[in-house]
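Undergrad: Heads up, the sequence shown is in the UniProt record's numbering, so the first residue is 1 and it goes up one at a time.
Shown below is the structure under consideration.
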Amino acid sequence: MSSAFAVGSQGLNRFVGVGGGLGRLPAVTAPDLPVFALDLHVVADHGQIYIYSEAALDQENDDLYEDAFDDATDNERFVGTGGGLVVLVTPGTRNARTPMCVQVWAAEPTADTERWSHEVDIDLDVPDGRLVFCASGFAEEIPVEIPAGSYRARVSGAGYLERGDAGADGDDYYRLQFWPRLTDADPVLRKYWPGWAGYND
């Protein structure tokens, strides 16, 4: 089941769509909370989840999916980028109901890295305010409306099982935090899950 809330901060509050409907949620002043949050399920397939805004994709790059995956695995971050697309590599092969929490903050949130198994910071632009989740294999897109902008994103994952053993019965879950950025920055591996060792062997 999906749930969402929005709180007012620096003009970021907006209409939020959940389950195909639109609703205005009350604005609240809460600097220690995200200005937008949504819990949903996304699809992981072939051990990958694509995250992007169609408006930010490099339409002339025919290899952006491969570029993002290679960036994720070659650099052993298991979150990679290419042509405006971000790929999240998952321990299991397929899970049609992977829990995902999306948050938008007015500024970089306080770190809680100790709660997570694996964590990466990466740039992700959403110029049209439409964030999309899609599994490898070009499954149905799952869109989420967030305030349009250029963001730094923190991808956090936990509940990982031994690589390859997760899947439909896996316990892995994820959080994607956004906050506005002024300049571009390289991806940063904040925490490494030891279970990724040997992935490229």
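We treat Cβ as the ideally placed atom computed from N, Cα and C, and that holds for glycine.
What separation, rounded to the nearest whole angstrom, lies between the Cα atoms of Lys-191 and Glu-60?
TA: About 33 Å.
Undergrad: Flag Gly-47 as yes when its Cβ comes closer than 7 Å to any non-hydrogen atom of the ligand ADP, and as no otherwise.
TA: Inclusion of the ligand ADP in the displayed structure is not the case, the ligand content being empty and no account of it being possible.
Undergrad: Does DSSP put Thr-113 in a helix, a strand or coil?
TA: If DSSP states are grouped into helix, strand and coil, Thr-113 belongs with the helices.
Undergrad: Helix, strand or coil: how does DSSP classify Gly-21 here?
TA: Since pLDDT at Gly-21 reaches only 30, below the 50 mark, its modelled position is unreliable, and no value is offered.
Undergrad: Specify whether the stretch 39-48 and the stretch 121-131 touch according to this definition: at least 3 beta carbon pairs, one from each stretch, less than 8 Å apart.
TA: The stretch 39-48, when compared against the stretch 121-131, does not touch it at the 8 Å Cβ threshold.
Undergrad: When the Cα of Ala-107 is compared with those of Trp-196, Pro-34, Asp-186, which residue comes out closest?
TA: Cα-wise, what sits closest to Ala-107 is Pro-34.
Undergrad: So which of Ser-150, Glu-145, Gly-84, Leu-64 has the shortest CA-CA distance to Arg-130?
TA: Of Ser-150, Glu-145, Gly-84, Leu-64, the residue nearest in Cα terms is Glu-145.
Undergrad: Would you report the Cα separation of Ala-44 and Gly-137, rounded to the nearest angstrom?
TA: Rounded to the nearest angstrom, the two C-alpha atoms are 10 Å apart.
Undergrad: Keeping to the same chain, check which residues put their C-beta closer than 6 Å to that of Thr-29; ignore five residues upstream and five downstream.
TA: Interpretation of Thr-29 is limited by its pLDDT of 40, a score under 50 that renders its predicted location unreliable; no figure is taken from the coordinates.
Undergrad: By the DSSP assignment, the beta strand (DSSP E) with Ala-96 in it spans what residues?
TA: 95-104 is the span of the beta strand (DSSP E), which, as asked, contains Ala-96.
Undergrad: Spatial neighbours of Met-100 within its chain, please: CB distance less than 6 Å, with the 5 preceding and 5 following residues excluded, ordered by chain position.
TA: Closer than 6 Å at the Cβ level, and outside the excluded window around Met-100, lie Leu-40, Val-42, Tyr-174.
Undergrad: Which same chain residues, not among the five before or five after Ile-142, have their C-beta less than 6 Å away from its C-beta?
TA: Within the same chain, Ile-142 has close Cβ partners Val-42, Phe-133.
Undergrad: Is there contact here, the stretch 66-78 with the stretch 176-183, by at least three beta-carbon pairs under 8 Å?
TA: Touching, no, given that fewer than three Cβ pairs across the two stretches are closer than 8 Å.
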